[in-house]
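Have a look at the structure below, then the notes.
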Amino acid sequence: MTEAHSGVCGAHQSGPKLHFRIKRMGYYWPIMVKDCSEYAKKCESCQLHANFIHQPLEPLHPTSPHGRLMHGDLMSSTQGSEKKTVVDFIRVNIIFRYGIPRYIITDNGRPFYNKSMDKLCVQFGFKQHNSSMYNAAANGLAEAFNKTLCNLLKKVVSKSKRDWHEKIGEALWAYRTTHRTATQATPYSLVYGVEAVLPLESQIPSLCIAMQEGLTVEDNARLRLEELEALDEKRIEAQQQLQCYQARMTRAFNKKVRPQSFQVGDLVLAVRRPITLT
């Protein structure tokens with residue numbers, strides 16, 4: 057449990073995710089769910105970096121349409137980046153690898169908002185949307201994952217927090233190989249059609265590893281082909297699970313909403329941010 061929770065591919069995730077990870081490796085005991093939840097609750101790092109609970113002020117609006125946004129924050133700070141570098145990155149690493157997107161959301165920086173970018177959009181027939189400044193919700197999916205990534209990094213970095221950039225790969229690996237409640241699958245399996253082999257499985261051979269070692273080359277190729285053929289159906293099922301999950305979360309969230317209105321003359325505390333031109 058310690059290795060699966062706080063090891064190389066654990067990243068201190070929640071009790072249910074710990075349960076699915078251990079169960080996937082072929083282990084089971086009668087009070088497994090309870091033990092995993094209690095173990096995660098007693099983890100000091102998880103307690104220090106738990107989310108703050110706030111009372112919602114307005115109903116939840118699920119992201120729509122489903123399944124169309126494929127890429128999140130692929131690029132870090134573009135300060136000093138040239139227009140050609142950004143355009144070539146989108147052409148080579150997105151379009152030539154994954155196909156033409158329906159639209160792309162960027163900020164209002166000069167590397168994204170220029171004639172070269174406009175020509176790329178016209179050439180491949182997709183639209184570019186610019187996110188609103190000082191409004192994180194305008195790029196909600198990317199910001200939501202950034203929050204998840206930051207929460208994972210908080211639990212695996214050292215006390216000085218200077219090694220955060222070295223831990224990004226470890227945190228992303230833990231996220232990709234962990235069962236997600238929304239889709240009822242791991243992100244890794246939805247991309248490749250098979251579960252990843254975890255470091256713990258190489259140390260303590262699981263049932264899956266034992267079965268694979270007994271397969272011949274022909275049997276392994278046939279099994280892999282069957283997994284790839286079933287991948288499209290698995291993705292459709294994951295999308296349906298995601299839609300149902302969003303509907304359930306919306307209903308549960310909206311029950312706790314306490315609308316707050318302001319009247320003329322009310323005193324409020326406002327944050328005045330300087331408007332910077334890019």
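Quick note on this note's numbering: the sequence shown kicks off at 57 and runs consecutively. Glycine residues also receive a C-beta, built at the ideal position from the N, C-alpha and C atoms.
- With fewer than 16 other Cβ atoms from the protein chains shown falling within 10 Å of its own Cβ, residue 323 counts as exposed.
- For residue 236, the secondary structure class from DSSP, reduced to helix, strand or coil, is strand.
- Taking C-beta atoms as the reference points, residue 237 and residue 301 count as a pair closer than 8 Å.
- Shortest Cα-Cα distance from residue 224 to any of 276, 250, 283 and 67 involves 67.
- Contact between the segment 172-181 and the segment 143-150 is established, with three or more Cβ pairs separated by less than 8 Å.
- Ranked by how close their Cα comes to the Cα of residue 187, the residues 279, 174, 169 and 319 have 169 in first place.
- Burial state of residue 142 is buried, judged by a 10 Å Cβ sphere holding 16 or more other Cβ atoms.
- In this structure, the straight-line span from the alpha carbon of residue 314 to that of residue 278 is close to 56 Å.
- Listed in chain order, the non-local C-beta contacts of residue 77 below 6 Å within the same chain comprise 60, local neighbours out to five positions each way being set aside.
- The three-state reading of DSSP puts residue 84 in coil, since its state is none of H, G, I, E or B.
- As the crow flies, the alpha-carbon of residue 265 is around 47 Å from that of residue 139.
- Contact between the segment 256-276 and the segment 89-96 is absent, with fewer than three C-beta pairs closer than 8 Å.
- Here DSSP, grouped into helix, strand and coil, assigns residue 272 to coil.
- One Cα belongs to residue 310, the other to residue 304, and the distance between them is close to 10 Å.
- Around the beta carbon of residue 75, a 10 Å sphere encloses 16 or more other beta carbons of the protein chains shown; the residue is thus reported as buried.
- Under DSSP, residue 186 forms a beta bridge with 162.
- Note that the C-beta distance between residue 185 and residue 156 is not below 8 Å.
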